[in-house]
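Visitor: In the UniProt record's numbering, the protein residues as written are 1 to 278. Each residue gets a CB set at the ideal place from its N, CA and C atoms; glycine is no exception. Below is the structure I would like to discuss, written out as structure tokens.
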């Protein structure tokens, strides 16, 4: 079953959003479809979140473009963890499929999680010809329901083809998410029966990020959504486990280059309750 919603009056006017109902078939993977039906110029800056992102461009016009400090590219892309200052632009009408993969799922689906952290690369650079075949199938589909079914098939096959990350690494990631980044690495190492050094090394090699950096990212993501929900920076700092409001300010600045006040009205966060419902 599909649920749909629309948001108007922000950076992407006249965009319809489709999301599949939650399913246990693809653990650690979520997706949403975006359809722009009225010609318009889209210009939006991504906000870092604890997922690797696949942006599958299904538009018929100029398509999506990505601008970072280092490069400019077009088409479908994989956005690794901590991509930095990334702007996504597009013009005209068309569809885009966004897939969010938790790092453990990304390691299986993409097979290159460590190399992707901090980067944005073309999907074909990661999947080769499979990227073109997947895009062709998705463009030929007549509904978002059909597209989500196709994605489940493609990603499910890739998940089954690769060994999962170490159980200790997967557990550490899940604990980090559940605690909203507030459990110390030493405690996590004790819980899985590894040394801090071993956990650090295996986590980094398999997920492309250190345990401490992962905790900071998860904590920031929680704080960003509290700010977007209208809570004050002082309240968010307390609720998210920051030492004080200045600490929150420094972390928001480090992840986004913005102030907490600016982040609270970021268009990227404005649709999360529709596209990525809890």
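Does the region 188-205 come within contact of the region 123-136, defined as at least 3 CB pairs closer than 8 Å?
Guide: Segments in contact, no.
Visitor: Measuring alpha carbon to alpha carbon, tell me which of 79, 275 and 229 ends up nearest residue 262.
Guide: On the chain shown, residue 262 is found 262 positions in, with the first residue counted as 1. Nearest of 79, 275 and 229 to residue 262, Cα basis: 229.
Visitor: Closest to residue 285 by C-alpha separation, out of 33, 257, 87 and 73, would be which residue?
Guide: Outside the shown range of the chain (1 to 278) lies residue 285, about which nothing can therefore be said.
Visitor: Check each candidate in 264, 212 and 256 and name the one with the smallest Cα separation from residue 233.
Guide: Residue 233 sits at position 233 when you count from the first residue of the chain shown. The shortest Cα separation from residue 233 among 264, 212 and 256 belongs to 264.
Visitor: Considering only the alpha carbon of each residue, which of 211, 193 and 166 lies closest to residue 184?
Guide: Residue mapping note: residue 184 aligns to position 184 of the chain shown, counting from 1. Nearest C-alpha to residue 184: 211.
Visitor: Could I get the ranges of all uninterrupted beta strand (DSSP E) runs contained in the UniProt domain "HTH araC/xylS-type" (167-266), with 3 residues as the minimum, in chain order?
Guide: Listed in chain order, nothing qualifies, since the UniProt domain "HTH araC/xylS-type" (167-266) has no complete beta strand (DSSP E) run of 3 or more residues.
Visitor: Pair every Cβ in the region 110-130 with every Cβ in the region 74-81, then say whether three or more of these pairs are closer than 8 Å.
Guide: They touch, by the three-pair rule.
Visitor: Compute the Euclidean distance between the alpha carbons of residue 87 and residue 257, then round it to the nearest angstrom.
Guide: Here residue 87 refers to the residue found at position 87 when the chain shown is read from its first residue. Here residue 257 refers to the residue found at position 257 when the chain shown is read from its first residue. Looking at the two C-alpha atoms, the distance is approximately 13 Å.
Visitor: Expressed to the nearest angstrom, what Euclidean distance is found between the alpha-carbon atoms of residue 16 and residue 249?
Guide: Taking the chain shown and counting its residues from 1, the one referred to as residue 16 is at position 16. Taking the chain shown and counting its residues from 1, the one referred to as residue 249 is at position 249. Cα to Cα, the separation comes out at about 33 Å.
Visitor: Looking only at its chain, what residues have a beta carbon closer than 7 Å to the beta carbon of residue 218, apart from the 5 residues adjacent to it on each side?
Guide: Position 218 of the chain shown holds residue 218. Cβ within range, chain order: 50, 176, 177, 180 and 181.
Visitor: Could you give the first and the last residue of the continuous alpha helix (DSSP H) run that contains residue 103?
Guide: On the chain shown, position 103 is the one that residue 103 refers to. Taken as a continuous stretch (DSSP letters only), the alpha helix (DSSP H) holding residue 103 covers 103-109.
Visitor: For residue 89, name the three-state secondary structure that DSSP assigns.
Guide: Numbered from its first residue, the chain shown carries residue 89 at position 89. Residue state, collapsed to three classes: strand.
Visitor: Could you spell out the range, first to last residue, of the alpha helix (DSSP H) harbouring residue 151?
Guide: Working through the chain shown from its first residue, we reach residue 151 at position 151. From DSSP, the alpha helix (DSSP H) with residue 151 extends over 144-161.
Visitor: Do residue 139 and residue 58 count as a contact pair if the criterion is CB distance below 7 Å?
Guide: If you number the chain shown from 1, residue 58 lands on position 58. If you number the chain shown from 1, residue 139 lands on position 139. For residue 58 and residue 139, yes; Cβs fall inside 7 Å.
Visitor: Where does the unbroken alpha helix (DSSP H) through residue 74 begin, and where does it stop?
Guide: If you number the chain shown from 1, residue 74 lands on position 74. Taken as a continuous stretch (DSSP letters only), residue 74 belongs to no alpha helix (DSSP H), being part of the beta strand (DSSP E) at 72-74.
Visitor: Kindly indicate the opening and closing residues of the alpha helix (DSSP H) around residue 140.
Guide: Numbered from its first residue, the chain shown carries residue 140 at position 140. Per DSSP, residue 140 belongs to the alpha helix (DSSP H) from 129-140.
Visitor: Give a yes or no on whether the C-beta atoms belonging to residue 170 and residue 104 are separated by under 7 Å.
Guide: As a working note, residue 170 is residue 170 in the chain shown. As a working note, residue 104 is residue 104 in the chain shown. Cβ distance < 7 Å, so residue 170 and residue 104 count as in contact.
Visitor: Our contact map puts residue 64 next to residue 54 with C-beta atoms below 8 Å; I'd like the distance itself, whole angstroms only.
Guide: To locate residue 64, count along the chain shown from 1; it is residue 64. To locate residue 54, count along the chain shown from 1; it is residue 54. 12 Å between Cβ atoms; not a contact.
Visitor: In terms of residue numbering, what span does the alpha helix (DSSP H) encompassing residue 275 cover?
Guide: Along the chain shown, read from residue 1 onward, the residue named residue 275 stands at position 275. Segment 272-275, the alpha helix (DSSP H) holding residue 275.
Visitor: Taking all protein chains shown into account, do 16 or more other C-beta atoms lie within 10 angstroms of the C-beta of residue 172, making it buried, or fewer, making it exposed?
Guide: Walking along the chain shown from the start, residue 172 turns up at place 172. The residue is buried, with at least 16 neighbouring Cβ atoms inside 10 Å.
Visitor: Rounded to the nearest angstrom, what separates residue 81 and residue 209 at their Cα positions?
Guide: For this step, residue 81 is matched to residue 81 along the chain shown. For this step, residue 209 is matched to residue 209 along the chain shown. Distance between the alpha carbons of residue 81 and residue 209 is about 8 Å.
Visitor: Is residue 276 near residue 47, with beta carbons less than 7 Å apart?
Guide: Taking the first residue of the chain shown as position 1, residue 276 is located at position 276. Taking the first residue of the chain shown as position 1, residue 47 is located at position 47. Going by C-beta atoms, residue 276 is not nearer than 7 Å to residue 47.
Visitor: So, with DSSP's three-state summary, where would you put residue 14?
Guide: Taking the first residue of the chain shown as position 1, residue 14 is located at position 14. Of the three classes helix, strand and coil, the one that applies to residue 14 here is coil, per DSSP.
Visitor: Determine the contact status of residue 108 and residue 71, defining contact as a CB-CB distance below 7 Å.
Guide: In the chain shown, counting from the first residue as 1, residue 108 sits at position 108. In the chain shown, counting from the first residue as 1, residue 71 sits at position 71. Cβ atoms of residue 108 and residue 71: not closer than 7 Å.
Visitor: Locate the beta strand (DSSP E) running through residue 121, then write down its first and last residues.
Guide: Here residue 121 refers to the residue found at position 121 of the chain shown. 120-122 is the span of the beta strand (DSSP E), which, as asked, contains residue 121.
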